[in-house]
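A short write-up of the structure that comes next.
Number of protein chains: 2
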Amino acid sequence: MILALDAMGGDHGPSENCPGAVEACRTYSDLEIALVGDSKAIEEQISSVDKGIRSRLHVVHSDEVISMDDLPAKAIRSMRRSSLRLAMEMVRSKEAAGCVSAGNTGAIVAGGVLVVGRISGIDRPGLGVVLPTLNRPTFVIDVGATIRCKPLNLSQFAVMGSLYMKHMVEVDEPDVRLLSNGSEEIKGDEVISAAREQLQKAPHINFGGYVEGNGVPFGVADVVVSDGFSGNVMLKSFEGIGELALKIFKDEVDHSLLAKAGLLFMLPMLKRLQNRFDYQRYGGTPLLGVNGAVIKAHGRSKAPAIASALSVARDFAIKDGVEKIKRGIGELLLEKKEAL
Amino acid sequence: MILALDAMGGDHGPSENCPGAVEACRTYSDLEIALVGDSKAIEEQISSVDKGIRSRLHVVHSDEVISMDDLPAKAIRSMRRSSLRLAMEMVRSKEAAGCVSAGNTGAIVAGGVLVVGRISGIDRPGLGVVLPTLNRPTFVIDVGATIRCKPLNLSQFAVMGSLYMKHMVEVDEPDVRLLSNGSEEIKGDEVISAAREQLQKAPHINFGGYVEGNGVPFGVADVVVSDGFSGNVMLKSFEGIGELALKIFKDEVDHSLLAKAGLLFMLPMLKRLQNRFDYQRYGGTPLLGVNGAVIKAHGRSKAPAIASALSVARDFAIKDGVEKIKRGIGELLLEKKEAL
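Line order of the protein sequences matches chains A and B. The numbers in the first sequence follow the UniProt record's numbering, run straight up by one, and end at 340. The numbers in the second sequence follow the UniProt record's numbering, run straight up by one, and end at 340.
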């Protein structure tokens with residue numbers, strides 16, 4: 001299987017993307033990766049890689065890079081030789097079974113719609129992310145693709161999230177909830193209220209009502225549905241508090257001999273915690289609703305997160321995630337159009 | 001100074017509200033508190049309090065309670081004998097210098113507008129909260145009063161938040177930022193974009209652009225402006241991750257002898273951390289934009305959080321926060337109406 005990687009995307013560019021690709025190839029012997037970007041910079045990164053792996057890395061030259069500041073749709077339309085666009089064209093033409101980029105989120109979404117194309121029956125795509133929580137993985141959709149939503153967009157996210165968890169994570173009848181500012185039905189605004197009413201009537205959806213930001217980390221739902229703005233705020237808030245806690249913990253340990261002594265005893269426990277919640281291990285967010293496996297990696301991704309995003313793309317392609325979502329959406333539209 | 005406390009509000013009702021009032025009276029010798037609610041339940045709670053404090057507690061009987069499920073505006077209008085409404089009427093009539101409730105957030109907001117009244121020049125009120133961050137207190141407004149906002153509402157929150165930090169927390173020229181889904185100007189939606197443009201032109205506002213959910217805990221701004229929905233999601237996300245981290249930490253320590261040994265060494269450090277970030281110590285969110293000191297306490301507040309909310313109300317009343325916001329808004333409207 002060939003996956004396309006936007007080697008220029010993200011804060012670190014080829015220096016982390018290429019080692020990430022190497023790592024993924026080491027893990028999956030069936031994997032070949034097209035590294036799309038500045039060929040000189042890429043070759044530098046992979047020149048010392050052993051032959052076995054090197055033969056599975058293909059360099060696809062591109063001389064343009066979409067930056068974080070570029071206007072998404074405009075950039076995708078006008079920068080036709082950009083690494084991101086070329087990677088996506090490989091998905092559209094089926095040269096690649098999927099693509100990964102840590103670049104400009106908006107451009108990935110725009111490219112998903114304009115280059116890869118939408119799935120029929122889906123109005124707007126949603127970026128989903130599988131979060132580790134207290135007792136189960138939770139899929140949050142949308143975390144930044146469709147900033148403000150209509151009720152229908154939220155309902156479609158619920159359907160796609162539910163199908164993703166069912167087929168990719170093998171959760172039976174995923175418990176779907178809507179992110180809101182309270183658990184009571186009177187909470188939310190008109191959009192959220194209307195989405196709730198749609199989902200209460202929707203077939204094939206195991207809808208559990210609202211969930212709040214403090215419920216998500218405790219794993220109260222398999223799928224959390226949100227517009228891209230609030231989902232993004234929630235995700236980054238989780239990140240921010242996690243990073244703050246880590247920083248303060250480290251600072252305190254640095255300044256206290258007692259705490260340093262205690263740390264020695266706690267290392268195995270802290271290691272376990274880190275393994276469980278390290279976002280580098282969960283570094284791939286699928287763009288659902290488009291006609292191919294398009295996976296966004298965190299802008300700050302280092303090699304392990306890129307490798308993880310590639311493994312998400314590989315898994316999505318192997319399990320034929322796009323077909324499963326298409327079929328699910330198609331059945332739903334056919335059978336119960338009125339319910340959405 | 002007399003403050004009115006909705007003794008029935010919150011998850012715990014009189015059993016935590018009354019001890020909270022007692023604690024606040026012990027801390028502030030100038031404080032008297034009107035405990036509004038079921039007089040029998042209140043008397044039970046304060047029967048054994050020493051005379052000195054008891055003489056500063058006044059029981060105001062009310063036989064109705066607005067529950068968490070009641071429709072806010074309807075409840076405030078129809079339940080005229082409810083503890084929340086009576087507490088707010090004491091503020092309107094100036095019998096009380098301010099009021100505190102841990103009850104139904106929507107009803108507190110509705111009561112603020114309908115009973116206490118809005119400040120002229122403010123269209124919608126905002127709930128603010130002072131958060132502890134890495135290096136400074138950060139005021140987040142709105143965390144749940146005005147669920148969806150127009151640009152003008154966000155600009156008014158920015159002005160009120162800036163005035164609050166200046167006069168209540170004594171921050172010179174507070175750095176104001178807008179919560180968004182990215183730091184670049186192309187992020188946000190039309191509402192946030194328009195608010196950004198208003199704030200860039202606004203006089204008296206030291207506007208620093210956008211902030212993301214992961215920047216807030218690191219203290220990048222003095223004031224973070226958001227609509228009530230996303231602000232609420234962010235706040236609860238912070239809470240949720242904090243609580244999850246604590247739970248997992250405790251569980252791990254419970255299951256590991258090594259970690260337990262390490263914990264002994266770390267206790268002083270953990271105590272410091274807890275003191276720094278304990279939300280019970282930050283348990284009062286002012287409702288800005290209304291004509292009186294109306295402070296919401298967290299629904300889960302125990303006595304220390306209630307005492308803390310009462311101290312926020314006392315401080316707000318002593319420093320004449322309402323007048324300062326009124327004057328600031330008035331000057332702004334007079335001088336530079338076009339800029340907003």
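We put the beta carbon where it would ideally sit given N, CA and C, even for glycine. Keep in mind that this is a model prediction, so the values were computed, not measured.
A buried status is given to L57(B), since no fewer than 16 other beta-carbon atoms sit within 10 Å of its beta-carbon.
The beta-carbon of R276(B) is placed less than 9 Å from the nearest beta-carbon of chain A. In the structure shown, V220(B) falls within a coil segment according to DSSP collapsed to helix, strand and coil. A Cβ-Cβ separation of about 5 Å places V60(A) in contact with A34(A) under the 8 Å criterion.
Judged by their CB atoms, R177(B) and N153(B) are not nearer to each other than the 9 Å cut-off. Taking a beta-carbon distance threshold of 9 Å, K51(B) does not count as an interface residue toward chain A. Taking all protein chains in view, the Cβ of Q200(A) is surrounded by fewer than 16 other Cβ atoms within 10 Å, so the residue is classified as exposed. In this structure, M269(A) sits near E252(B), with a CB-CB distance shorter than 9 Å.
Residue contact check for K319(A) against chain B: no CB pair falls below 9 Å.
Around K150(B), the same chain offers V191 as residues with beta carbons nearer than 7 Å, after the five sequence neighbours per side are excluded. For I325(B), the CB contacts under 6 Å within the same chain, skipping 5 residues up- and downstream, are M160, L163 in chain order. At least one C-beta of chain B is nearer than 9 Å to the C-beta of K247(A). In this structure, the beta-carbon distance from F238(B) to S237(A) falls below 9 Å. Listed in chain order, the alpha helix (DSSP H) elements of length 4 or more contained wholly in the region 262-339 of chain B are 303-318, 321-336. Minimum Cα-Cα distance from E243(B) among the listed residues L267(A), L114(A), L134(A) corresponds to L134(A). Counting only unbroken stretches of 3 or more residues, the beta strand (DSSP E) elements lying wholly within the region 142-229 of chain B are 175-179, 206-211, 223-225, in sequence order. When Cβ pairs closer than 8 Å are counted between the two stretches, the region 40-56 of chain A is seen not to touch the region 69-78 of chain A, the count staying below three. With a beta-carbon spacing of about 31 Å, D175(A) and A102(A) fall beyond the 8 Å limit used to define contacts. Beta bridge pairing from DSSP links A34(A) with A4(A), H58(A). Collapsing the DSSP output to three states places G20(A) in a helix.
The beta carbon of P137(A) sits no closer than 9 Å to any beta carbon of chain B.
Taken through DSSP and simplified to helix, strand or coil, L246(A) comes out as helix. The Cβ atoms of G284(B) and V322(B) do not sit closer than 9 Å to each other. Closest in C-alpha terms to V224(B), from the list D142(B), S120(B), L288(B), V91(B), comes D142(B). For the 9 Å CB-CB criterion, V294(B) and I108(B) form a contact. Residue burial annotation: R81(A) is exposed, with fewer than 16 other C-beta atoms found within 10 angstroms of its C-beta. Closest by C-alpha distance to P19(A), out of D315(A), G215(A), I306(A), I329(A), is I306(A).
CA-CA distance, G209(A) to D30(B), rounds to 46 Å. Look at P125(B) here: in three-state DSSP terms it is coil, with no helix or strand label.
For V253(A), a Cβ of chain B is located within less than 9 Å of the residue's own Cβ. Considering only E16(B), Y28(B), A75(B), M168(B), the residue with the shortest C-alpha distance to I46(B) is E16(B). The continuous beta strand (DSSP E) containing V100(B) extends over residues 98-101.
The beta-carbon distance between L310(A) and A97(A), rounded to whole angstroms, is 11 Å. This is too long to meet the 8 Å contact definition.
In the DSSP assignment, the residues bridged to E64(A) are S82(A). With 16 or more other Cβ atoms inside 10 Å of its own Cβ, N181(A) counts as buried. In this structure S55(B) is exposed. Its beta-carbon is surrounded by fewer than 16 other beta-carbon atoms within 10 angstroms.
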